[in-house]
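*Asks:* Chains as they are written, first to last, in the numbering used here: chain A, 1 to 187; chain B, 1001 to 1187; chain C, 2001 to 2187; chain D, 3001 to 3187.
4 protein chains.
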Amino acid sequence: MSEAAGFGKHELGTAVDEAWLDEHELEIVRGRVPMVYVEAVPVRLDEVGRVTHVGLLLRAMADATISRAIVSGRVLWGETVREALQRHLDKDLGPSAFARVPAAPAPFTVVEYMPDRARTGYHDPRQHAVSLAYLVPVEGECHPSQEALEFVWISSEEAAGSAVSAEMTGGQDRIVRLALAHAGQLP
Amino acid sequence: MSEAAGFGKHELGTAVDEAWLDEHELEIVRGRVPMVYVEAVPVRLDEVGRVTHVGLLLRAMADATISRAIVSGRVLWGETVREALQRHLDKDLGPSAFARVPAAPAPFTVVEYMPDRARTGYHDPRQHAVSLAYLVPVEGECHPSQEALEFVWISSEEAAGSAVSAEMTGGQDRIVRLALAHAGQLP
Amino acid sequence: MSEAAGFGKHELGTAVDEAWLDEHELEIVRGRVPMVYVEAVPVRLDEVGRVTHVGLLLRAMADATISRAIVSGRVLWGETVREALQRHLDKDLGPSAFARVPAAPAPFTVVEYMPDRARTGYHDPRQHAVSLAYLVPVEGECHPSQEALEFVWISSEEAAGSAVSAEMTGGQDRIVRLALAHAGQLP
Amino acid sequence: MSEAAGFGKHELGTAVDEAWLDEHELEIVRGRVPMVYVEAVPVRLDEVGRVTHVGLLLRAMADATISRAIVSGRVLWGETVREALQRHLDKDLGPSAFARVPAAPAPFTVVEYMPDRARTGYHDPRQHAVSLAYLVPVEGECHPSQEALEFVWISSEEAAGSAVSAEMTGGQDRIVRLALAHAGQLP
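1) Assign D/Glu3046 to buried or exposed, taking buried as 16 or more other Cβ atoms, counted over all protein chains shown, within 10 Å of its Cβ.
2) Whose Cβ in chain B lies nearer than 7 Å to the Cβ of A/Arg50?
3) For B/Ile1066, does the three-state DSSP call read helix, strand or coil?
4) Any beta-carbon of chain D closer than 9 Å to the one on C/Val2016?
5) Would you tell me roughly how many angstroms separate the C-alpha atoms of A/Ser72 and C/Ala2064, rounded to the nearest one?
6) Below 8 Å on the Cβ atoms is my contact criterion, and I expect D/Val3048 with C/Val2043 to pass it. Report the Cβ-Cβ distance as a whole number of Å.
7) Apply the 10 Å Cβ neighbour rule to B/Val1176 and answer buried if 16 or more other Cβ atoms are within range, or exposed otherwise.
8) Kindly confirm or deny that the region 2140–2151 of chain C and the region 2119–2128 of chain C touch, where touching means at least three C-beta pairs closer than 8 Å.
9) DSSP three-state call for A/Glu27: helix, strand or coil?
10) Using a cut-off of 8 Å between C-beta atoms, extract the partners of B/Pro1137 located in chain A.
11) Buried or exposed, going by whether 16 or more other CB atoms sit within 10 Å of the CB of D/Thr3080?
12) Which value, in whole angstroms, describes the spacing of the CA atoms of D/Ala3160 and D/Pro3187?
13) With C-beta atoms as the reference, is D/Ala3060 less than 9 Å away from D/Glu3147?
14) Do the CB positions of C/Leu2132 and C/Glu2039 come within less than 9 Å of each other?
15) Using a threshold of 9 Å, state whether the C-beta atoms of B/Ala1097 and B/Leu1089 are closer than that.
16) Would you mind telling me which residues of chain D sit closer than 7 Å to C/Ala2183, beta carbon to beta carbon, in chain order?
17) Whose Cβ in chain A lies nearer than 9 Å to the Cβ of B/Gln1086?
18) Given a cut-off of 9 Å, decide if B/Ala1163 and B/Val1051 are closer than it, judged by their beta-carbon atoms.
19) Quick one: which residues of the region 108–129 of chain A get their C-beta closer than 8 Å to a C-beta of chain C? List them in chain order.
20) Any beta-carbon of chain C closer than 9 Å to the one on A/Glu3?
21) Roughly how many angstroms separate the alpha carbons of B/Met1168 and B/Ile1070, rounded to a whole number?
22) Does the distance from the C-beta atom of B/Pro1034 to that of B/Gln1127 stay below 9 Å?
23) Where DSSP assigns a beta bridge to D/Met3035, which residues make up the other side?
24) State the CB to CB distance for the pair A/Val75 and A/Tyr37, rounded to an integer number of angstroms; the pair is presumed to be in contact (CB under 8 Å).
25) Look up D/Ala3148 in the DSSP assignment and give the residues it is bridged to.
26) Among A/Arg174, A/Pro95, A/Pro107, which residue has its Cα nearest to the Cα of A/Leu135?
27) Looking only at its chain, what residues have a beta carbon closer than 8 Å to the beta carbon of D/Arg3082, apart from the 5 residues adjacent to it on each side?
28) For C/Arg2156 and C/Ala2181, what's the separation of their Cα atoms in angstroms?
29) Report the three-state DSSP secondary structure of B/His1182 (helix, strand or coil).
30) Suppose contacts are defined by Cβ-Cβ distances below 9 Å. Is C/Arg2030 in contact with B/Glu1025 by that definition?
31) Can you tell me whether C/Ser2002 is buried or exposed, with buried defined as 16 or more other CB within 10 angstroms of its CB?
32) Beta-carbon within less than 6 Å of A/Pro137's beta-carbon, same chain only, minus the 5 sequence neighbours each way: which residues are those?
33) Between B/Trp1077 and C/Val2130, what straight-line distance do the alpha-carbon atoms span, to the nearest angstrom?
34) With B/Glu1112 as the anchor, note down where its beta strand (DSSP E) starts and where it stops.
35) Less than 6 Å between C-beta atoms, sequence neighbours within five positions excluded: which residues of the same chain meet that for A/Thr109?
36) Could you spell out where the alpha helix (DSSP H) holding A/Arg74 opens and where it closes?
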């Protein structure tokens, strides 16, 4: 594994190193294999567990739009899916969100983003990503951090509607509807 | 619907009336149709959502044994599955358990108790019951109330083992293993 | 269990006896406990398992309308959920449907029909029914039998649309959308 | 993206090109990002959909053992999860297996293989792989092809037992047990 291979030298330990894969390397790898992603639809539940609200971020997306978005991000080498979920939830919703990563590892759906829009209906201009989508109850206060501009709670009826859909890109509006359906709360 | 029909007079409102179906009536109905039950496997999760412990009650069972048991009970006429789950969790684990009824209505498995042991492997001498089984994360303190004698947290490895299985009846040990498998934590 | 109890004499064996509960008895029981139902959304899959079409019956419904409907029916005393599913599929789709009852017992959703429309959004004027809903791939030819007037295959896009919804009652249009969402095929 | 980047020249189209990523390139990418895999547990069902048998291959594994194994393989760039599942099923079970890729995209569990055995309990010395595991009913005849030496149907009781587990590596015996639990057939 030399520099000629296009990758800088680095040590690979069991610890996850967010920084080890630089942008150039990432771009190369993205053209070769599907990337593993996780997706979280933050939800508020009532006292018997029914979804009442969906949490949406406002952020700059991969397709250069400013859009409503769910929590989404890459799983790193050596990182478990649960750790990745928790990391992205912490990063996007802040430290006092008290997001509950689900006990079951099976996602409610699998989303396949492709550069070709026609392939699956989910679109990412940068890559082919296979994303595991989870419904994540959030009990605390959300304070969008880093790249997100805003975070809002929207009622489940509104979240499934066309006005909200129009503000989302890449097919994430469909993920929200599938999440609501999984929770039995799709109108 | 007269008294000759074997049922006492009563008003059926939208409110759930725990008392309306007396023991005699219940016995009759139990011989005619399958009863709807809910089952909850109480679990403790670590900081990334992995099941670490399973909560078990010690109680007098329908088969006249004193056994380890999960939370289980009937869904009443007019009561939703979520309400029944919450009611039985409150009753069995006490008011400060903070049990989290899951957002998704689909159970992780469906358990079919029958008087005939050979039919499904799940046994209830009193009735044919179709029970929806849920994994329920519990965050607070559990204080067994009413009929339960004791409540203990057992590690997920132990809960899947034969020593604990031997203390459970009716097939509930198998429900615990299916719950752990659903959570990816079956050894 | 005498005749005075309002129920005729009969032997309860392990065999399921479709006829044992007469209409009068059924009406009484229906007012006392939730009934167990199964629901099947028949689907056609393409060569890689994607849902392409949803199968709908045209039939007289409990609310006295003639509506599009999915396969639905009661689980009898002593009958397993799988047996009930197969029996209702055979009855509604005919003997050459080759419906594939799923390997996993967990339904994709649980539907709670109540006489009170406002309670869950699912409505049955006759009873409180807790129905386990399954997605059932069908590979053969469907010939509606008994009470169904017609059976048609509708594309998954159409099945999720408002024109088809308007022809369904009791909330079954929502079950179809939840089924499509479960299959990742909700638009 | 030059040759200096360590990758040969090639066209990336929508068509999946099994050959485009050579062994050297694959080795490099494997050290940088988790690989996306699919896993299929082939099963025989009885007439009401209960799992009666599990299908196991005998093959040379990544850890250099000859072991019993389930169907498993990589998802290629541009290939959908369904296409990958179908491709690996065809390759491993032969053209007349009539394997039924499930309608729902959600796997029954997510398996995380790591070079470090202690991390998740699933082990692959070559890579970090995130594998989506599906239960796949098989209706035809299986003829192991390519790298598999043998294919056998084993009863679900046996498949969950310790004798079969001892012949499997990497944690695949646990995947079989989780699959049986998902189907309600774990003893």
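Even for Gly, the Cβ is constructed at its ideal location relative to N, Cα and C.
What you are looking at is a predicted structure, and each value in this text was computed from that prediction instead of being measured.
*Replies:* Judging by the given coordinates:
1) As a position in the fourth sequence, residue 3046 of chain D is number 46, starting the count at 1. Checking the sequence, you will find Asp at residue 3046 of chain D rather than Glu. Per the 10 Å Cβ criterion, exposed.
2) Here residue 50 of chain A refers to the residue found at position 50 of the first sequence. Neighbours of A/Arg50 on chain B, chain order: Arg1082.
3) Here residue 1066 of chain B refers to the residue found at position 66 when the second sequence is read from its first residue. B/Ile1066 falls in the strand class under three-state DSSP.
4) Looking up residue 2016 of chain C in the third sequence gives position 16. Note that C/Val2016 scores a pLDDT of 44, beneath 50, so its modelled location is shaky and nothing firm can be said.
5) Position 72 of the first sequence holds residue 72 of chain A. Position 64 of the third sequence holds residue 2064 of chain C. Each residue's alpha carbon lies about 47 Å from the other.
6) Translated into positions along the fourth sequence, residue 3048 of chain D becomes position 48. Translated into positions along the third sequence, residue 2043 of chain C becomes position 43. 18 Å between Cβ atoms; not a contact.
7) What you label residue 1176 of chain B is simply residue 176 of the second sequence in a count that begins at 1. Looking at its Cβ environment, which holds 16 or more other Cβ atoms inside 10 Å, B/Val1176 is buried.
8) no
9) Position 27 of the first sequence holds residue 27 of chain A. Of the three classes helix, strand and coil, the one that applies to A/Glu27 here is helix, per DSSP.
10) Position 137 of the second sequence, counted from the first residue, corresponds to residue 1137 of chain B. What B/Pro1137 touches in chain A: Arg100, Ala103.
11) Looking up residue 3080 of chain D in the fourth sequence gives position 80. When all chains shown are included, D/Thr3080 counts as buried.
12) Position 160 of the fourth sequence, counted from the start, is the residue given in the question as residue 3160 of chain D. Position 187 of the fourth sequence, counted from the start, is the residue given in the question as residue 3187 of chain D. One C-alpha to the other measures close to 8 Å.
13) Looking up residue 3060 of chain D in the fourth sequence gives position 60. Looking up residue 3147 of chain D in the fourth sequence gives position 147. Yes, these two residues count as a Cβ contact at 9 Å.
14) Against the third sequence, residue 2132 of chain C aligns to sequence position 132. Against the third sequence, residue 2039 of chain C aligns to sequence position 39. Yes, the Cβ-Cβ distance between C/Leu2132 and C/Glu2039 is below 9 Å.
15) Reading the second sequence from its first residue, position 97 is the one you call residue 1097 of chain B. Reading the second sequence from its first residue, position 89 is the one you call residue 1089 of chain B. Result yes, Cβ atoms of B/Ala1097 and B/Leu1089 sit closer than 9 Å.
16) The residue labelled residue 2183 of chain C in the question sits at position 183 within the third sequence. Ordered by position in chain D, the residues that pass the 7 Å Cβ test against C/Ala2183 are Ala3103, Ala3104.
17) Numbered from 1 along the second sequence, position 86 holds the residue referred to as residue 1086 of chain B. Residues of chain A passing the Cβ test: Glu47, Val48, Gly49.
18) The sequence position of residue 1051 of chain B within the second sequence is 51, counting from 1. The sequence position of residue 1163 of chain B within the second sequence is 163, counting from 1. No, they are not a contact pair.
19) Thr109, Val110
20) In the first sequence, counting from the first residue as 1, residue 3 of chain A sits at position 3. Caution is warranted here: a pLDDT of 33 is assigned to A/Glu3, below 50, making its placement in the model unreliable, and the coordinate value is therefore given only provisionally. By this cut-off, A/Glu3 is not an interface position.
21) Numbered from its first residue, the second sequence carries residue 1168 of chain B at position 168. Numbered from its first residue, the second sequence carries residue 1070 of chain B at position 70. Approximately 9 Å, taken between the alpha carbons.
22) Along the second sequence, one-based indexing puts residue 1034 of chain B at 34. Along the second sequence, one-based indexing puts residue 1127 of chain B at 127. In this structure, B/Gln1127 lies closer than 9 Å to B/Pro1034 by Cβ.
23) On the fourth sequence, residue 3035 of chain D is found 35 positions in, with the first residue counted as 1. DSSP, once it has assigned bridges, lists D/Ala3129 as partnering D/Met3035.
24) Translated into the one-based positions of the first sequence, residue 75 of chain A becomes position 75. Translated into the one-based positions of the first sequence, residue 37 of chain A becomes position 37. At roughly 7 Å, the Cβ-Cβ gap stays under 8 Å, so A/Val75 and A/Tyr37 are in contact.
25) Translated into positions along the fourth sequence, residue 3148 of chain D becomes position 148. D/Arg3059.
26) Against the first sequence, residue 135 of chain A aligns to sequence position 135. Comparing Cα-Cα distances from A/Leu135 to each of A/Arg174, A/Pro95, A/Pro107, the minimum goes to A/Pro107.
27) Locating residue 3082 of chain D in the fourth sequence gives position 82, where the first residue counts as 1. Cβ within range, chain order: Val3101, Pro3105.
28) As a first step, residue 2156 of chain C is located in the third sequence; it is residue number 156 there, counting from the start. As a first step, residue 2181 of chain C is located in the third sequence; it is residue number 181 there, counting from the start. The sequence given here has Ser at residue 2156 of chain C, not Arg. Cα-Cα distance, rounded: 10 Å.
29) In the second sequence, residue 1182 of chain B corresponds to position 182, counting from 1. DSSP places B/His1182 in helix when its eight states are reduced to three.
30) As a first step, residue 2030 of chain C must be located in the third sequence, where it is residue number 30. As a first step, residue 1025 of chain B must be located in the second sequence, where it is residue number 25. No, the pair does not count as a contact, with Cβ atoms beyond the cut-off.
31) Residue 2002 of chain C sits at position 2 when you count from the first residue of the third sequence. Confidence in C/Ser2002 is poor, its pLDDT being 34 and thus under 50, which makes the residue's placement unreliable; the coordinate value appears in the next sentence. By the 10 Å Cβ count, C/Ser2002 comes out exposed.
32) Along the first sequence, read from residue 1 onward, the residue named residue 137 of chain A stands at position 137. Answer for A/Pro137: Val43, Leu45, Arg100, listed in chain order.
33) Position 77 of the second sequence holds residue 1077 of chain B. Position 130 of the third sequence holds residue 2130 of chain C. Taking the straight line joining both Cα atoms gives about 10 Å.
34) The count along the second sequence starts at 1 and reaches residue 1112 of chain B at position 112. Note, B/Glu1112: beta strand (DSSP E), 1109–1114.
35) Sequence index remark: in the first sequence, residue 109 of chain A carries index 109 (1-based). Cβ neighbours of A/Thr109 beyond the five flanking positions: Ala133, Leu178.
36) Position 74 of the first sequence holds residue 74 of chain A. Counting along the chain, A/Arg74 falls outside any alpha helix (DSSP H), though it belongs to the beta strand (DSSP E) covering 71–74.
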